[in-house]
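Q: Pasting in a structure now, in structure tokens, and then I'll have a few things to ask.
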Amino acid sequence: MAHAHPVLVQVTERIAARSADRRAAYLRRIREARAAGPARGALGCANLAHGFAACGPLEKLRLRGDVTPNVAIVSSYNDMLSAHQPLKDYPDRLKAAIAKAGGTAQFAGGVPAMCDGITQGRAGMELSLFSRDVVAMATAVALSHDMFDGALLLGVCDKIVPGLVIGALSFGHLPTILVPAGPMASGLPNAEKARIRKRFAAGEIGRDELLEAEAASYHSPGTCTFYGTANSNQMLMEVMGLHLPGASFVPPGTGLRDALTDAAGRRVLELTALGDHYTPIGEMLDERAFVNGVVALLATGGSTNHTLHLVAMASAAGIELAWDDFDELSKVTPTLTRLYPNGTADVNHFHAAGGTAFLIGELLDAGLLHADARTVGGASLAEYRNAPALEDGALVWRPAPRESGDPGVLRPVAEPFDEHGGLHTVAGNLGRAVVKVSAVRPEDRVVEAPARVFESQEQLQAAFKAGELDRDVVAVVRYQGPRANGMPELHRLTPPLSVLQDRGHKVALVTDGRMSGASGAVPAAIHVSPEAAAGGPLARVRDGDVVRLDADKGLLEVLVPDDAFAAREPAGGAPDGEAWSGTGRELFSAFRQAVGPAERGAGVF
Numbered sequence: 007m008a009h010a011h012p013v014l015v016q017v018t019e020r021i022a023a024r025s026a027d028r029r030a031a032y033l034r035r036i037r038e039a040r041a042a043g044p045a046r047g048a049l050g051c052a053n054l055a056h057g058f059a060a061c062g063p064l065e066k067l068r069l070r071g072d073v074t075p076n077v078a079i080v081s082s083y084n085d086m087l088s089a090h091q092p093l094k095d096y097p098d099r100l101k102a103a104i105a106k107a108g109g110t111a112q113f114a115g116g117v118p119a120m121c122d123g124i125t126q127g128r129a130g131m132e133l134s135l136f137s138r139d140v141v142a143m144a145t146a147v148a149l150s151h152d153m154f155d156g157a158l159l160l161g162v163c164d165k166i167v168p169g170l171v172i173g174a175l176s177f178g179h180l181p182t183i184l185v186p187a188g189p190m191a192s193g194l195p196n197a198e199k200a201r202i203r204k205r206f207a208a209g210e211i212g213r214d215e216l217l218e219a220e221a222a223s224y225h226s227p228g229t230c231t232f233y234g235t236a237n238s239n240q241m242l243m244e245v246m247g248l249h250l251p252g253a254s255f256v257p258p259g260t261g262l263r264d265a266l267t268d269a270a271g272r273r274v275l276e277l278t279a280l281g282d283h284y285t286p287i288g289e290m291l292d293e294r295a296f297v298n299g300v301v302a303l304l305a306t307g308g309s310t311n312h313t314l315h316l317v318a319m320a321s322a323a324g325i326e327l328a329w330d331d332f333d334e335l336s337k338v339t340p341t342l343t344r345l346y347p348n349g350t351a352d353v354n355h356f357h358a359a360g361g362t363a364f365l366i367g368e369l370l371d372a373g374l375l376h377a378d379a380r381t382v383g384g385a386s387l388a389e390y391r392n393a394p395a396l397e398d399g400a401l402v403w404r405p406a407p408r409e410s411g412d413p414g415v416l417r418p419v420a421e422p423f424d425e426h427g428g429l430h431t432v433a434g435n436l437g438r439a440v441v442k443v444s445a446v447r448p449e450d451r452v453v454e455a456p457a458r459v460f461e462s463q464e465q466l467q468a469a470f471k472a473g474e475l476d477r478d479v480v481a482v483v484r485y486q487g488p489r490a491n492g493m494p495e496l497h498r499l500t501p502p503l504s505v506l507q508d509r510g511h512k513v514a515l516v517t518d519g520r521m522s523g524a525s526g527a528v529p530a531a532i533h534v535s536p537e538a539a540a541g542g543p544l545a546r547v548r549d550g551d552v553v554r555l556d557a558d559k560g561l562l563e564v565l566v567p568d569d570a571f572a573a574r575e576p577a578g579g580a581p582d583g584e585a586w587s588g589t590g591r592e593l594f595s596a597f598r599q600a601v602g603p604a605e606r607g608a609g610v611f
């Protein structure tokens, strides 16, 4: 195993220095929270009796004492969302495994789980990012009873996993394992799905044909198989040490999936203060763990949403992670995967080609991960070079193959798809933004063209249908940031912009909203900060201004003289009052007022 890359070391040391005071205060707080023995030992008799009133006789006996670890189960189960439907039976399964190992477990609470795939282009999407912090608060409520020695968090998708982690970090003295559900079987090939979406955007086919294709893509229980935020979550949780090794992409409903779920129940008991390997989540998720997460995101061309979520999770642990850290690490991190929307393969192909074990081994050998980072699966991240398997019905871990099973999907560091990571940051007189370049051809990474300004994705779609965008264009879609309307994902912009690009035009998107990497081949400067609703310069862009986006040189600028640009009055505005109500949006008005900028994770805490 190689020594850590010097840039990895430098970035980690810079984060530690920047975070020193906040991190020290956080660690002090969680260490004070760790009582001498289980916290429930300090509860009054009435409090404790309430806490185990619904338990069976054996559980009551165990919970009366202070030598049996009690585990909280917090779940995002619902049976509408395919990724979370398999979690239905997990609590009973985990309780049985924990009881057999000598512990107790209680279902502590549920958290909401909404699906961006359902709310795309709908009013509900404007609650999506805010739901992350609701999940965090719901997790904190579930853990607030001082009954627990550890936690198992059940969740998969976009905002849910970061929310669970943020909530758990408020109880950083508790060991915590994330328990995934796995992906659905591969459906309609991704290239065909993208082709049909573009045909629909161009008016060549109708809704029935489009729906048939979508239903063939998303067709059964399990996580959607493209490499969006949900599967990026799984990758990060494993590389950051919060999953058991190899747990991320094992399909639901299989013997191996069940064995890994049982093992998570047994393992969390060992990690409690009553076990032999006390590993509190707040100490485990240190600067090394977050740097490892950033590197894994970059090496796999993962979701741009994690330029928000990783920052917010780190902040909850007293760590100040910055976009500059992503940018510097991207320069030395090779791209090792080609997964849709950055290719045609899905996570099942990635898993079959060697998966996380191969990827982690390659990055460790290149010195691009902190091998000594603590994990829930063993003494160090080196344990994650091994892949799980069943041997005569028993769970074992075997060394990963030394060669990729499919170099078109997963490659070694010596032969990467790209010498650099899949995310770049850009900056200039329009602010700072993130660009996902892993699916963008090198010749398309620089666009200089007249702007067309919109204040909703519906306006852009109408202009496209009217033929007004059939030219070189930089589409500026503003007032889409967290303070404006909750920062919805703008996936519905991808098909029309892709059609324009396919016609030979130079096309780019600039927005203070989110895309989660679904922009695909169209260069998109997203998460522009400061956002227009906070007085950001996007509010002063006019139709016809020439905008330059250079993802290679890191530039985002409007080619207007500085004094003339500064003298302009902001135009347009964010929806307010009745314009931002319905579908529950009015209940989140306080979030809009409290939310921070995208660069700081777009959180309300």
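Every letter in the sequence shown is one number past the one before it in this note's numbering, and letter 266, counting from 1, is 272.
Note that CB positions come from ideal geometry on N, CA and C, so glycine has one too.
1. Nearest to P118 by CA position, among T110, M143, V402, R99, is which residue?
2. Taking the C-alpha atoms as reference points, what is the distance between R20 and D331?
3. Taking its Cβ as the centre, do 16 or more other Cβ atoms sit within 10 Å of G47, making it buried, or is it exposed?
4. When you compare each of A393, H533, G411 to K442 by their alpha carbons, which one comes out closest?
5. Can you tell me whether Q463 is buried or exposed, with buried defined as 16 or more other CB within 10 angstroms of its CB?
6. Does A107 come out as helix, strand or coil in the three-state DSSP assignment?
7. Please state whether DSSP places L314 in a helix, a strand or coil.
8. So S254 packs on M241, CB below 8 Å; how close in whole Å?
9. Buried or exposed: where does S444 fall if 16 or more other Cβ atoms within 10 Å of its Cβ makes it buried?
10. Of the choices A31, S226, D264, K337, whose alpha-carbon is the least far from that of S176?
11. So what does W403 bridge to, in DSSP terms?
12. Checking the sheet assignment: what are the DSSP bridge partners for Q112?
13. Is there at least one non-hydrogen atom of the ligand ATP closer than 8 Å to the beta-carbon of V601?
14. Spell out the partners DSSP gives F460 in its beta bridges.
15. Using only the alpha-carbon positions, how far apart do Y83 and H376 sit?
16. Please state whether the Cβ-Cβ distance between L14 and G373 is less than 9 Å.
17. Looking only at C-alpha atoms, which of R40, A200, A45, V419 sits nearest to V505?
18. For the alpha helix (DSSP H) holding G209, just list the boundary residues, first then last.
19. Whole-angstrom Cβ separation of Y96 and Y233, contact assumed at under 8 Å?
20. Counting only beta-carbon atoms, is A187 nearer than 9 Å to chain D?
21. Can you check the stretch 135-182 for any alpha helix (DSSP H) of at least 4 residues that lies completely inside it and give the ranges in chain order?
22. Would you list the residues sitting across from G437 in a DSSP beta bridge?
23. Enumerated in chain order, which unbroken segments of the alpha helix (DSSP H) with a length of 4 residues or greater are wholly contained in the stretch 551-596?
24. Give the range of the alpha helix (DSSP H) segment to which I21 is assigned.
25. Starting from S254, trace the alpha helix (DSSP H) both ways and give me its first and last residue.
26. Work out the CA separation of E584 and A455 for me, nearest whole Å.
27. Going straight from the alpha carbon of V17 to that of G427, what length do you get?
28. Around the C-beta of S226, are 16 or more other C-beta atoms found within 10 angstroms, so that it is buried, or is it exposed?
29. Please list the terminal residues of the continuous beta strand (DSSP E) segment that includes H533.
30. Counting Cβ pairs, one atom from each stretch, are 3 or more of them under 8 Å apart for the stretch 408-421 and the stretch 322-338?
31. Only counting the same chain, and skipping five residues up and downstream in sequence, which positions put a Cβ closer than 6 Å to that of P501?
32. Whole angstroms are fine: how far does the CA of G188 sit from the CA of L266?
33. Write down every uninterrupted run of the alpha helix (DSSP H) in the stretch 274-355 whose length is 4 residues or greater and which is fully enclosed by it, in chain order.
34. Would you say L673 and T145 are within 9 Å of each other, going by their C-beta atoms?
A: Looking at the coordinates:
1. As a position in the sequence shown, residue 118 is number 112, starting the count at 1. Comparing Cα-Cα distances from P118 to each of T110, M143, V402, R99, the minimum goes to M143.
2. Residue mapping note: residue 20 aligns to position 14 of the sequence shown, counting from 1. Residue mapping note: residue 331 aligns to position 325 of the sequence shown, counting from 1. Cα-Cα distance, rounded: 9 Å.
3. Translated into positions along the sequence shown, residue 47 becomes position 41. Burial call: exposed.
4. Along the sequence shown, one-based indexing puts residue 442 at 436. Per the Cα distances, H533.
5. Along the sequence shown, one-based indexing puts residue 463 at 457. With 16 or more Cβ atoms within 10 Å of its Cβ, Q463 is classed as buried.
6. Residue mapping note: residue 107 aligns to position 101 of the sequence shown, counting from 1. Note: A107 maps to coil in three-state DSSP.
7. Counting from one through the sequence shown, the residue named residue 314 turns up at place 308. Helix.
8. Residue mapping note: residue 254 aligns to position 248 of the sequence shown, counting from 1. Residue mapping note: residue 241 aligns to position 235 of the sequence shown, counting from 1. Indeed, because the Cβ distance is near 6 Å, the residues count as touching under 8 Å.
9. Working through the sequence shown from its first residue, we reach residue 444 at position 438. Buried: at least 16 other Cβ atoms inside 10 Å.
10. Your numbering for residue 176 matches position 170 in the sequence shown. S176 has its Cα closest to that of A31, out of A31, S226, D264, K337.
11. Stepping through the sequence shown from its first residue, residue 403 is reached at position 397. P394, per the DSSP bridge assignment.
12. On the sequence shown, residue 112 is found 106 positions in, with the first residue counted as 1. Beta-bridge pairing links Q112 to A78.
13. Judged by which ligands are present, the structure shown has none, so any question about the ligand ATP falls away.
14. Your numbering for residue 460 matches position 454 in the sequence shown. Partner(s): V483.
15. Locating residue 83 in the sequence shown gives position 77, counting from the first residue. Locating residue 376 in the sequence shown gives position 370, counting from the first residue. Near 33 Å, if we compare the C-alpha coordinates of H376 and Y83.
16. Along the sequence shown, one-based indexing puts residue 14 at 8. Along the sequence shown, one-based indexing puts residue 373 at 367. Closer than 9 Å, so yes.
17. As a working mapping, residue 505 is identified with position 499 in the sequence shown. Nearest of R40, A200, A45, V419 to V505, Cα basis: A200.
18. Taking the first residue of the sequence shown as 1, we reach residue 209 at position 203. Here G209 belongs to no alpha helix (DSSP H), and DSSP marks it neither H nor E.
19. The residue you call residue 96 lines up with position 90 of the sequence shown. The residue you call residue 233 lines up with position 227 of the sequence shown. 24 Å between Cβ atoms; not a contact.
20. The structure shown contains no chain D; it holds only a single protein chain.
21. 166-175
22. In the sequence shown, residue 437 corresponds to position 431, counting from 1. G437 is bridged to G434.
23. 568-573
24. For the purposes of this step, residue 21 is taken as residue 15 along the sequence shown, with counting starting at 1. 12-39 is the extent of the alpha helix (DSSP H) around I21.
25. On the sequence shown, residue 254 is found 248 positions in, with the first residue counted as 1. Element bounds for S254: n/a, residue is neither H nor E.
26. Here residue 455 corresponds to residue number 449 of the sequence shown, with the count starting at 1. Here residue 584 corresponds to residue number 578 of the sequence shown, with the count starting at 1. Taking the straight line from one Cα to the other gives about 36 Å.
27. The count along the sequence shown starts at 1 and reaches residue 17 at position 11. The count along the sequence shown starts at 1 and reaches residue 427 at position 421. Straight-line Cα distance between these residues: approximately 15 Å.
28. Translated into positions along the sequence shown, residue 226 becomes position 220. Exposed, by the Cβ-count rule.
29. If you number the sequence shown from 1, residue 533 lands on position 527. That run of the beta strand (DSSP E) goes 530-535.
30. no
31. For this step, residue 501 is matched to residue 495 along the sequence shown. So the list reads R203, K204, A207, once near-sequence residues are dropped.
32. Residue mapping note: residue 266 aligns to position 260 of the sequence shown, counting from 1. Residue mapping note: residue 188 aligns to position 182 of the sequence shown, counting from 1. When rounded, the distance between both Cα atoms is 11 Å.
33. 287-290, 293-306, 312-322, 329-336
34. Only positions 7 to 611 of the chain appear in this structure, which leaves residue 673 out of reach.
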